[in-house]
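Visitor:
Residue numbers (this note's numbering): -4 to 764.
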């Protein structure tokens, strides 16, 4: 959910209590692989070393449909003593051998041979020795069971019956690089002869989770359902993520439960979502405690992770306002290309080539490092290497680092004549994913070209204010504008900057209307490399509707300074947004002006080019008196710049204005949080959040519909309850209550071609705002 300013928020929180009906369509579809059916027939034997004429059992287990077509295959040296259908999913065969040797019992399913088990037959004395060595039975794997590769603690022989364990999961899962990283569930099946009078007890399981994943935990909901009415009694998690599971007493032949896992998103963890790669095999394995015969049931399931590496580099060319355009700043950003499946990149590298005749004046490393080779005569090769991973989480390089790499290039008059443009040049991108065998990933390249070159005064200053969108929607938290200031001293300049100040205030240039419809939440100041390397000082001040000018910062300049403005007693978005500096405001206090000054005390900075990005909330209503004037269709703002020089002279004040359309907007949001697992026959809580983010308008008669998964229905005995009667600080808002404020009904959404099952819909009709 997008972050919102608390003073403009109306919220409703509802908990919907639902119970899973007999139908489990919605659950089964998550686990089953309907695209590519595969065999899941398991052929096992409790003994693999037997004596001559000793009867031994071979068990075949699988789906009812598969076992209908299953045929046993064995050599003539073995004699089939009996065949018994234990149940629809289990056939027991008994064999004996009259001669020594190794004999394999296989299976046939629709003319496809299934791997079986090999039995060693020896005389009685040899067999006794073999029994001692036969600590672990062999099993075939026709889908999901393999021998454990690593040593595992087998526990004690505490299972009261013979049993098998089977682990199943999706064959394929998509990587998600959005805010909601995708996990997936495993289904654990325990097969035994247990019943109400002959129970299976003492089963402990050890589940080894795939690398980079952890057990799902969503508030009160866990990725494993426990309790006296569940298959699982309790579980613990080791430091390495391994899960130790203790089962309740089992009274049926087939017992199932799920283990829901999600990616580890903490980049500081040894293995996490950012270490994944396309085509990676995610392996989950489970091992049970020994049975009375010494057998160790175990199973393994492999799932293939699918992701993309569609990235593009974006190169822009910018010149200082009012300059001759001979000093061009090339900036480089990286974005994912239209998907939520981008895998995190390693070793991100950008390569740019600057033509002969040009001069690279400076560079900004940002979150990496430039390696520049060449000279003015031969041309330049500039390679930027990122010193950390690049996440494909929807955020661009600029969002992740707060700044982006750049090059400042000069195009001298003797090499590049007036009235021409600098040559186009292309930046390329390469990277790797985390696959040790991966080939180089090539991103979409980008080109940029500076504007027409000219000759002019040795010194130039300018200001450019921009609003990058045509329209601001009321209540939008992404409303922003930027101001680019500059003073460029050419090589023959006799001027030296002492101080540059950029100002934007409500009481100047007719800005009152603009400031009455915009609430500033943070200011992001970006300084070019000569300012930072010139050992300058940055001074930032602000004023509000309750106080005059105050100092926010007065410190040595750095490449990026983020200042967040936080209303005391409210949610701390300044902290959430990772501001470098937090300014506390009183309730009802809003900014009415700001100033940014670059002080060149040591006379080292020749070129001063600050950029100020101002973020906040636009409001169609006047933020001071809450009135609405429908005649206001657009708002305009003007900023100013003044440069003071060392010789005492002051430049002409530069101004720049920007206009944006302002549009009313009804901003209603809903979010549904669901349990990671659903338990048949038990109450499962769904939490619904409804938000009205519109600052100037309450909404009457709203209707919200919550579509439940197929097979899940509202528990009418418990119904719907509000999570809270009143939201606490900073909201202090009464939450609408079912019955008094909300009418709750249900309706049915019929099946469609895209969703072949009907679903219940819970309808909320709000009686008031």
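All residues carry an ideal CB built from backbone N, CA and C; glycine is no exception.
Beta-carbon separation of residue 720 and residue 738 under 7 Å?
Guide: Here residue 720 refers to the residue found at position 725 of the chain shown. Here residue 738 refers to the residue found at position 743 of the chain shown. Their beta carbons are not under 7 Å apart, which means residue 720 does not touch residue 738 by this criterion.
Visitor: Measuring alpha carbon to alpha carbon, tell me which residue in 258, 164, 246, 67 is nearest residue 210.
Guide: Here the question's residue 210 lines up with position 215 in the chain shown. Among 258, 164, 246, 67, the Cα nearest to that of residue 210 is on 258.
Visitor: Between the segment 345 to 362 and the segment 374 to 388, can you find at least three pairs of beta-carbon atoms closer than 8 Å?
Guide: yes
Visitor: Is it buried or exposed for residue 376, if we count other Cβ within 10 angstroms and need 16 for buried?
Guide: To locate residue 376, count along the chain shown from 1; it is residue 381. Classification for residue 376: exposed.
Visitor: Thinking just about the alpha-carbon of each residue, which of 200, 264, 351 is nearest to the one in residue 229?
Guide: Residue numbering aside, residue 229 sits at position 234 when the chain shown is read from its first letter. Checking every option, the nearest Cα to that of residue 229 belongs to 200.
Visitor: Judging by CA-CA distance, which residue of 272, 324, 344 is the nearest neighbour of residue 307?
Guide: Walking along the chain shown from the start, residue 307 turns up at place 312. Closest option to residue 307, Cα to Cα, is 344.
Visitor: Does the distance from the CB of residue 587 to the CB of residue 510 come in under 7 Å?
Guide: Translated into positions along the chain shown, residue 587 becomes position 592. Translated into positions along the chain shown, residue 510 becomes position 515. Yes, the Cβ-Cβ distance between residue 587 and residue 510 is below 7 Å.
Visitor: If you draw a straight line from the C-alpha of residue 325 to the C-alpha of residue 354, how long is it?
Guide: The residue given as residue 325 occupies position 330 in the chain shown. The residue given as residue 354 occupies position 359 in the chain shown. Our two residues, residue 325 and residue 354, have alpha carbons roughly 13 Å apart in a direct line.
Visitor: For a minimum of 3 consecutive residues, which ranges assigned as the beta strand (DSSP E) are wholly contained in the segment 568 to 649?
Guide: You should have 576 to 580, 586 to 594, 606 to 613, 629 to 640.
Visitor: Name the two residues that bound the continuous beta strand (DSSP E) containing residue 180.
Guide: One-based indexing of the chain shown puts residue 180 at position 185. In the DSSP assignment, residue 180 falls within the beta strand (DSSP E) that extends over 179 to 187.
Visitor: Name the residue from 189, 167, 169 whose alpha carbon lies nearest to the alpha carbon of residue 159.
Guide: The count along the chain shown starts at 1 and reaches residue 159 at position 164. Measuring from the Cα of residue 159, the nearest candidate turns out to be 189.
Visitor: Assuming residue 163 contacts residue 296 (C-beta within less than 8 Å), just tell me the rounded distance between them.
Guide: As a working mapping, residue 163 is identified with position 168 in the chain shown. As a working mapping, residue 296 is identified with position 301 in the chain shown. The pair is a contact, with the Cβ atoms about 6 Å apart (cut-off 8 Å).
Visitor: Excluding the 5 residues flanking residue 276 on each side, which residues of the same chain have their C-beta closer than 7 Å to its C-beta?
Guide: One-based indexing of the chain shown puts residue 276 at position 281. Excluding sequence neighbours, residue 276 sits near 297, 299.
Visitor: Starting from the C-beta of residue 269, find all residues in its chain whose C-beta is less than 7 Å away, skip the five residues before and the five after it, and write them out in chain order.
Guide: The count along the chain shown starts at 1 and reaches residue 269 at position 274. Correct list, in chain order: 262, 339, 384, 386.
Visitor: Counting beta carbon pairs with one atom in the segment 603 to 618 and one in the segment 464 to 482, are three or more of them shorter than 8 Å?
Guide: yes
Visitor: Measuring alpha carbon to alpha carbon, tell me which of 184, 754, 526, 206 ends up nearest residue 550.
Guide: Here residue 550 refers to the residue found at position 555 when the chain shown is read from its first residue. Minimum Cα distance to residue 550 is reached at 526.
Visitor: Between 637, 202, 603, 36, which has its C-alpha nearest residue 57's C-alpha?
Guide: Indexing the chain shown from 1 puts residue 57 at position 62. Comparing Cα-Cα distances from residue 57 to each of 637, 202, 603, 36, the minimum goes to 36.
Visitor: Can you find at least 3 beta carbon pairs, one from the segment 396 to 414 and one from the segment 430 to 440, that sit closer than 8 Å?
Guide: no
Visitor: Drop a sphere of 10 angstroms on the beta-carbon of residue 645, count the other beta-carbons inside from all chains shown, and report buried for 16 or more, exposed for fewer.
Guide: Counting from 1 along the chain shown, the entry for residue 645 is found at position 650. By the neighbour-count rule (16 or more Cβ atoms within 10 Å), residue 645 is not buried but exposed.
Visitor: Return the residue from the list 197, 61, 531 that minimises the CA-CA distance to residue 594.
Guide: Within the chain shown, the letter at position 599 stands for residue 594. Of 197, 61, 531, the residue nearest in Cα terms is 531.
Visitor: For residue 403 versus residue 356, is the C-beta spacing smaller than 7 Å?
Guide: The residue given as residue 403 occupies position 408 in the chain shown. The residue given as residue 356 occupies position 361 in the chain shown. For residue 403 and residue 356, yes; Cβs fall inside 7 Å.
Visitor: When the Cα atoms are used, what is the spatial distance from residue 234 to residue 222?
Guide: If you number the chain shown from 1, residue 234 lands on position 239. If you number the chain shown from 1, residue 222 lands on position 227. Approximately 23 Å between the Cα atoms of the pair.
Visitor: Assuming contact is defined by CB atoms lying nearer than 7 Å, are residue 762 and residue 736 in contact in what I supplied?
Guide: Residue numbering aside, residue 762 sits at position 767 when the chain shown is read from its first letter. Residue numbering aside, residue 736 sits at position 741 when the chain shown is read from its first letter. In this structure, residue 736 lies closer than 7 Å to residue 762 by Cβ.
Visitor: Would you check if the distance between the CB atom of residue 458 and the CB atom of residue 413 is smaller than 7 Å?
Guide: Against the chain shown, residue 458 aligns to sequence position 463. Against the chain shown, residue 413 aligns to sequence position 418. The answer is no: Cβ separation not under 7 Å.
Visitor: Closest by CA to residue 100, which one among 71, 243, 93, 667?
Guide: Locating residue 100 in the chain shown gives position 105, where the first residue counts as 1. For residue 100, the nearest C-alpha among the options comes from 71.
Visitor: Terminal residues of the continuous beta strand (DSSP E) containing residue 393?
Guide: By 1-based counting over the chain shown, the position of residue 393 is 398. It is not in any beta strand (DSSP E) - residue 393 instead sits in the alpha helix (DSSP H) that spans 392 to 396.
Visitor: Using CA coordinates, which residue listed in 93, 240, 205 is at the minimum distance from residue 220?
Guide: Position 225 of the chain shown holds residue 220. It is 240.
Visitor: Check each candidate in 49, 157, 253 and name the one with the smallest Cα separation from residue 117.
Guide: Within the chain shown, residue 117 is the residue found at index 122, counting from 1. Taking only the C-alpha atoms, the option nearest residue 117 is 49.
Visitor: Can you give me the Cβ contacts of residue 53 inside the same chain, cut-off strictly under 6 Å, excluding the 5 residues immediately before and after it?
Guide: Counting from 1 along the chain shown, the entry for residue 53 is found at position 58. Once the five neighbours on either side are set aside, the close Cβ partners of residue 53 are 40, 88, 100.
Visitor: Does the Cβ of residue 434 have 16 or more other Cβ atoms within 10 Å, making it buried, or fewer, making it exposed?
Guide: Reading the chain shown from its first residue, position 439 is the one you call residue 434. Exposed.
Visitor: What residues are listed by DSSP as bridge partners for residue 381?
Guide: Sequence index remark: in the chain shown, residue 381 carries index 386 (1-based). 363.
Visitor: Which residues does DSSP list as the beta-bridge partners of residue 313?
Guide: On the chain shown, residue 313 is found 318 positions in, with the first residue counted as 1. Answer by DSSP bridge pairing, in chain order: 324.
Visitor: If I measure Cβ to Cβ from residue 378 and keep anything under 6 Å in the same chain, skipping five residues before and after, which residues do I get?
Guide: Within the chain shown, numbered from 1, the residue matching residue 378 stands at position 383. Within the same chain, residue 378 has close Cβ partners 346, 366.
Visitor: Starting from residue 153, follow its DSSP beta bridges and name the residues at the other end.
Guide: For the purposes of this step, residue 153 is taken as residue 158 along the chain shown, with counting starting at 1. In DSSP, residue 153 forms no bridge with anything.
Visitor: So, residue 580 versus residue 560, is the Cβ gap smaller than 7 Å?
Guide: Locating residue 580 in the chain shown gives position 585, counting from the first residue. Locating residue 560 in the chain shown gives position 565, counting from the first residue. In contact: residue 580 and residue 560 (Cβ atoms closer than 7 Å).
Visitor: CB residue 629 to CB residue 654, shorter than 7 Å?
Guide: Taking the chain shown and counting its residues from 1, the one referred to as residue 629 is at position 634. Taking the chain shown and counting its residues from 1, the one referred to as residue 654 is at position 659. Going by C-beta atoms, residue 629 is nearer than 7 Å to residue 654.
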